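Undergrad:
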Amino acid sequence: MKAHSTETRQAWRAGLIWFDKDHVMQHASDGLLVTERGNDGIHRVVAVGDYRSVQPHYPDLTPTHFPHQWIAPGFVDMHIHYPQTDVIGSPAEGLLPWLTQYTFVHEAKFANAQHAHDVAEFFLDELTRNGVTTALTFATSHPASVTALFEAAQQRHMRLITGKVLQDRHSPDGVRDDTEQSLIDTETLLQRWHGVDRLGYAITPRFAPSCTEAQLRGAGELAAKYPSTWIQSHVAENLDEVRWVHELFPKARSYLSVYQDFGLLRERAVYAHCIHFDAADRALMRDTRTAAAISPTSNLFLGSGFFDYASAQASGMRHGLASDVGGGTSFSPFHTMLAAYTVGREGQTKPGLSLSPEQLWWQHTAGAAQALGLEGQVGNLLPGCDADFVVLDPQATPLLARRCAQADNMSELLFAWIVLGDDRVIAQTVVQGQVQQSKS
Ligand SMILES: [Zn+2]
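Mind the numbering: the sequence shown is residues 1 to 440 in this note's numbering, read in order.
(1) Quick one: measure Cβ to Cβ for residue 415 and residue 350, integer angstroms, because I've assumed they're closer than 8 Å.
(2) Quick one: is the Cβ of residue 106 within less than 7 Å of any heavy atom of ligand 1?
(3) Which term fits residue 347, buried or exposed, when burial requires 16 or more other beta carbons within 10 angstroms of its beta carbon?
(4) Within its chain, find whatever has a CB closer than 7 Å to the CB of residue 167; leave out the 5 residues flanking it on each side and keep chain order.
(5) Using only Cβ atoms and a threshold of 6 Å, which residues come within that distance of a heavy atom of ligand 1? Order them by chain position.
(6) For residue 152, which three-state DSSP category applies?
(7) Could you check whether residue 90 and residue 379 sit closer than 8 Å to each other, using their CB atoms as the reference points?
(8) Sorted by chain position, which residues of the same chain lie with C-beta nearer than 7 Å to residue 360's C-beta, five sequence neighbours on each side aside?
(9) Identify, in the order they occur along the chain, each residue of the same chain with its Cβ nearer than 6 Å to the Cβ of residue 66, setting aside the five sequence neighbours on each side.
(10) Is it a yes or a no for the stretch 77-90 touching the stretch 400-410, going by three-plus beta-carbon pairs under 8 Å?
(11) Report yes or no: do the stretch 181-193 and the stretch 103-121 share at least 3 C-beta pairs separated by less than 8 Å?
(12) Please look up how many angstroms separate the CB atoms of residue 198 and residue 157, rounded, as I've assumed it's under 8 Å.
(13) Residue range of the alpha helix (DSSP H) that residue 119 falls in?
(14) Report all residues from its chain with a CB closer than 8 Å to the CB of residue 32; omit the five preceding and five following residues, and keep chain order.
(15) On the CB-based measure, 16 or more other CB atoms within 10 Å of its CB, does residue 308 come out buried or exposed?
(16) Can we say the stretch 218-232 touches the stretch 241-254, given the rule of at least three CB pairs closer than 8 Å?
(17) So what does residue 44 bridge to, in DSSP terms?
(18) Taking 6 Å as the limit between beta carbons, can you name the residues of its chain near residue 435, skipping five residues before and five after?
(19) To which residues does DSSP link residue 426 through a beta bridge?
(20) Within its chain, find whatever has a CB closer than 7 Å to the CB of residue 120; leave out the 5 residues flanking it on each side and keep chain order.
(21) Taking its Cβ as the centre, do 16 or more other Cβ atoms sit within 10 Å of residue 366, making it buried, or is it exposed?
(22) Is residue 329 closer than 8 Å to residue 88 when the C-beta atoms are compared?
(23) Should residue 298 and residue 422 be called a contact, given that it needs their Cβ atoms to be closer than 8 Å?
(24) Identify the residues that DSSP records as bridge partners of residue 160: which are they?
(25) Can you name, in chain order, every residue of its own chain whose Cβ lies under 7 Å from the Cβ of residue 353, other than the five neighbours on each side?
(26) Taking 7 Å as the limit between beta carbons, can you name the residues of its chain near residue 441, skipping five residues before and five after?
(27) Exposed or buried, which one is residue 399 when buried takes at least 16 other CB atoms within 10 Å?
(28) With a floor of 4 residues, list each alpha helix (DSSP H) that falls wholly inside the stretch 277-357, ordered by position along the chain.
(29) Is the distance from the Cβ of residue 77 to the Cβ of residue 165 below 8 Å?
(30) Classify residue 8: buried if its beta carbon has 16 or more other beta carbons within 10 angstroms, exposed otherwise.
(31) Taking its Cβ as the centre, do 16 or more other Cβ atoms sit within 10 Å of residue 402, making it buried, or is it exposed?
(32) Can the beta-carbon of residue 389 be found closer than 8 Å to that of residue 382?
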């Protein structure tokens, strides 16, 4: 194995949080993380653990030290809409009015490449400020919106997955696309960007009601032709939407099975919401290795319902956390984890349970990565993982400092961050060994 020069290696000293190979959270209150740029240009973790045990193996390295702070894996957002950055906080009478009154109006602006570029840069800044280092995001139906985001992410060396939205019916002028051209555009963009640097392409039917059968069939054919691509869409978010799907696809067993009928459930397929499911739907998710992107701030904001954690866990279906901005109300993984806890606790319409802080953290880091098919690459700090991480400040606010000082163990510290935290907790975000932003 070729030796690397010491200049390609970096060391970082702070408290450390990561997950072991059995998915159990580990921590070191004085830890050392060593990263190295490989021959392929990707910075990866080469060592993680207690400072006293790791440091002797790297005596020549001078670590960047963050005293009293904690290094944790960069967060992974499984479902977000970058063009809805300006839609956040738009109230409406539920999902379908929200789409027509606000979302489609804003998305129509992305026909303009300069507008797409400006929003893409702001969006990536905002992800970074909030400690999100990997995202699976919708673009709009305009190919220029995809190009703008890929170019911006490539410049920042970020791991990012996006795709052109497919919506050839039940969509207004300005966002509705043409069936045949939409599939040609998808394949052209996919061939241009998928697997380039750290970028990935996601075949993106908006949701079943917005796509003709011909468009869904074409999307499924592309998904089969390019099996390493992602698929992203929405399912079973809202009861009005579920009724509409039953009218449009009367032969389908369920909303989810519409996607199955068109070849759109498989490994690397990610469906937001998954609220109004039955046991057969959850079994179908599990058997096809399809993942649910749970979007609790969005579901609470739009009043869509409560994701049934107990049934999801019992079924063995893959799931992880997502912001779903702009239906979601925050870019912050802390807000999303807190909302997930609240949704889990709700016990009037489904079984309620208490998700542990370690489980919540897992769902937004290594668990989300696993659901995306990126286990061992992002969302964790085991050797071999990409060197994307955050530095957390337990003293970011007076109340947080006071509460954290009284935490008796790691679980209490994690819960204090989840309940009281926001972007102020993210002291640094490091992508590929490069500090992206600094509060100082
Ligand atoms: Zn969404």
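Glycine included, C-beta positions come from ideal geometry on N, C-alpha and C.
Keep in mind that this is a model prediction, so the values were computed, not measured.
TA: Taking the geometry as given:
(1) Counted from its first residue, the sequence shown places residue 415 at position 415. Counted from its first residue, the sequence shown places residue 350 at position 350. About 23 Å separates the Cβ atoms of residue 415 and residue 350, ruling out a contact at the 8 Å cut-off.
(2) Here residue 106 refers to the residue found at position 106 of the sequence shown. Checking the Cβ of residue 106 against ligand 1 gives no.
(3) Position 347 of the sequence shown, counted from the start, is the residue given in the question as residue 347. Under this definition residue 347 is an exposed residue.
(4) Walking along the sequence shown from the start, residue 167 turns up at place 167. The beta carbon of residue 167 lies closer than 7 Å to those of 141, 175, 176, 177, 206, 210, 211 in the same chain, with the five residues before and after it left out.
(5) Every residue with a CB closer than 6 Å to a heavy atom of ligand 1 is listed here in chain order: 79, 81, 234, 272, 324, 327.
(6) Numbered from its first residue, the sequence shown carries residue 152 at position 152. If DSSP states are grouped into helix, strand and coil, residue 152 belongs with the helices.
(7) Position 379 of the sequence shown, counted from the first residue, corresponds to residue 379. Position 90 of the sequence shown, counted from the first residue, corresponds to residue 90. Cβ atoms of residue 379 and residue 90: not closer than 8 Å.
(8) Within the sequence shown, the letter at position 360 stands for residue 360. So the qualifying residues of the chain are 337, 340, 341, 418.
(9) By 1-based counting over the sequence shown, the position of residue 66 is 66. Sequence-distant partners of residue 66 (beyond 5 residues in either direction) whose C-beta falls short of 6 Å from its own C-beta, in its chain, are 14, 391.
(10) Fewer than three beta-carbon pairs drawn from the stretch 77-90 and the stretch 400-410 are found closer than 8 Å, and the two stretches are therefore not classed as touching.
(11) At 8 Å Cβ cutoff, the stretches do not touch.
(12) Sequence index remark: in the sequence shown, residue 198 carries index 198 (1-based). Sequence index remark: in the sequence shown, residue 157 carries index 157 (1-based). Between residue 157 and residue 198 the Cβ distance is about 6 Å, and since that is below 8 Å, they are a contact.
(13) In the sequence shown, residue 119 corresponds to position 119, counting from 1. Counted as a single uninterrupted DSSP element, the alpha helix (DSSP H) harbouring residue 119 occupies residues 113-129.
(14) Start at 1 with the first residue of the sequence shown, and residue 32 comes out as number 32. Listed in chain order, the non-local C-beta contacts of residue 32 below 8 Å within the same chain comprise 11, 12, 13, 16, 47, 48, 49, 50, 51, 54, 55, 58, 63, local neighbours out to five positions each way being set aside.
(15) Against the sequence shown, residue 308 aligns to sequence position 308. With a 10 Å radius around the Cβ and a threshold of 16 neighbouring Cβ atoms, residue 308 comes out buried.
(16) The answer is no - the stretch 241-254 does not touch the stretch 218-232, with fewer than three Cβ pairs under 8 Å.
(17) Residue 44 sits at position 44 when you count from the first residue of the sequence shown. DSSP lists 36, 386 as the beta-bridge partner residues of residue 44.
(18) Indexing the sequence shown from 1 puts residue 435 at position 435. The residues are 428.
(19) Residue mapping note: residue 426 aligns to position 426 of the sequence shown, counting from 1. BP columns for residue 426 point to 392.
(20) The residue you call residue 120 lines up with position 120 of the sequence shown. Cβ neighbours of residue 120 beyond the five flanking positions: 82, 148, 149, 152.
(21) Numbered from its first residue, the sequence shown carries residue 366 at position 366. Buried, because 16 or more other Cβ atoms sit within 10 Å of the Cβ of residue 366.
(22) The residue you call residue 88 lines up with position 88 of the sequence shown. The residue you call residue 329 lines up with position 329 of the sequence shown. Residue 329 is positioned such that its CB atom lies closer than 8 Å to that of residue 88.
(23) Residue mapping note: residue 298 aligns to position 298 of the sequence shown, counting from 1. Residue mapping note: residue 422 aligns to position 422 of the sequence shown, counting from 1. Contact: no.
(24) The sequence position of residue 160 within the sequence shown is 160, counting from 1. Looking at the DSSP output, residue 160 shares a beta bridge with 135, 199.
(25) Working through the sequence shown from its first residue, we reach residue 353 at position 353. Correct list, in chain order: 309, 310, 344.
(26) A query on residue 441 cannot be resolved here, the shown segment of the chain reaching from 1 to 440 and no further.
(27) Within the sequence shown, residue 399 is the residue found at index 399, counting from 1. Flag for residue 399 reads exposed.
(28) Whole alpha helix (DSSP H) segments, 4+ residues: 279-288, 296-301, 309-315, 333-345.
(29) Against the sequence shown, residue 77 aligns to sequence position 77. Against the sequence shown, residue 165 aligns to sequence position 165. Against a cut-off of 8 Å, the Cβ pair of residue 165 and residue 77 comes out as no contact.
(30) Here the question's residue 8 lines up with position 8 in the sequence shown. Counting every other CB atom within 10 Å of its CB across the protein chains shown gives residue 8 a total below 16, marking it as exposed.
(31) Your numbering for residue 402 matches position 402 in the sequence shown. The residue in question, residue 402, is exposed, as its Cβ has fewer than 16 Cβ neighbours within 10 Å.
(32) As a first step, residue 389 must be located in the sequence shown, where it is residue number 389. As a first step, residue 382 must be located in the sequence shown, where it is residue number 382. No.
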